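Asks:
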Amino acid sequence: MGWSIGFDSNWQRDIGYGVPAQCDHPECNERIDRGLAYVCGGEPYGGDDGCGLYFCASHLRWRRNLCEQCVAGKAAFAAKPDVAEWLQHKLTDPSWADWRTEHAREVHEMRMTLGISQGVKP
Numbered sequence: 000m001g002w003s004i005g006f007d008s009n010w011q012r013d014i015g016y017g018v019p020a021q022c023d024h025p026e027c028n029e030r031i032d033r034g035l036a037y038v039c040g041g042e043p044y045g046g047d048d049g050c051g052l053y054f055c056a057s058h059l060r061w062r063r064n065l066c067e068q069c070v071a072g073k074a075a076f077a078a079k080p081d082v083a084e085w086l087q088h089k090l091t092d093p094s095w096a097d098w099r100t101e102h103a104r105e106v107h108e109m110r111m112t113l114g115i116s117q118g119v120k121p
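The sequence shown begins at 0 in numbering that gives the first Met the number 0 and counts up by one.
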């Protein structure tokens, strides 16, 4: 099994090193991916001690692989939404065709987020 693309049912979003993203710290917009190198807790869903959100090197304490909220025992930050690049990929790549057929509501929401009219193909 690879870690390229998966789904985190806790945060209801795609994860894996194949998923481009932004650091989940509220004051940071650094580009990362949602792979294991960036996850708070060092494991999907955050392992035993982390929140399972994804952070750049500046916002992840590498010694314990935890974000500042988890180090302090505070509630997790809010998860950031998917970046436009990822939404566009899911809307257009042939590998996601079956998913698009099975998830019409999510496709509609993604199109609205990107400002794509329903009658126009992305």
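Built from N, CA and C at the ideal position, the CB exists for glycine as well. Everything numeric in this text was worked out from a predicted model, so none of it was measured.
(1) Within its chain, find whatever has a CB closer than 7 Å to the CB of Val119; leave out the 5 residues flanking it on each side and keep chain order.
(2) Between the alpha carbons of Gly34 and Val70, how many angstroms are there, rounded?
(3) For a test of the three-state rule: what should DSSP assign to Gln11, helix, strand or coil?
(4) My output table needs one value for Val119: the three-state DSSP class, helix, strand or coil.
(5) On the DSSP letters alone, give me the boundaries of the beta strand (DSSP E) that Arg30 sits inside.
(6) When the Cα atoms are used, what is the spatial distance from Cys22 to Asp32?
(7) With a CB to CB cut of under 6 Å and the five nearest residues on each side skipped, what residues in its chain are close to Ile14?
(8) Could you check what DSSP says for Gly5 in three-state terms: helix, strand or coil?
(9) Apart from the five residues on each side of it in sequence, which residues of its chain come closer than 8 Å, Cβ to Cβ, to Leu59?
(10) Hey, could you find the ends of the alpha helix (DSSP H) Lys89 is sitting in?
(11) Excluding five sequence neighbours on each side, which residues of the same chain lie with their C-beta closer than 7 Å to the C-beta of Gln68?
Replies: Taking the coordinates as given:
(1) Residue placement at Val119 is flagged as unreliable, the pLDDT there being 49, under the threshold of 50; a coordinate-derived value is accordingly withheld.
(2) 20 Å
(3) coil
(4) Legend: pLDDT at Val119 = 49, less than 50; position of this residue unreliable, value from coordinates given subsequently. Coil.
(5) Arg30 to Arg33
(6) 8 Å
(7) Gly5, Asp7 and Arg33
(8) strand
(9) Tyr37, Cys39, Leu65 and Cys66
(10) Ala83 to Thr91
(11) Cys50, Ala74, Ala75 and Phe76
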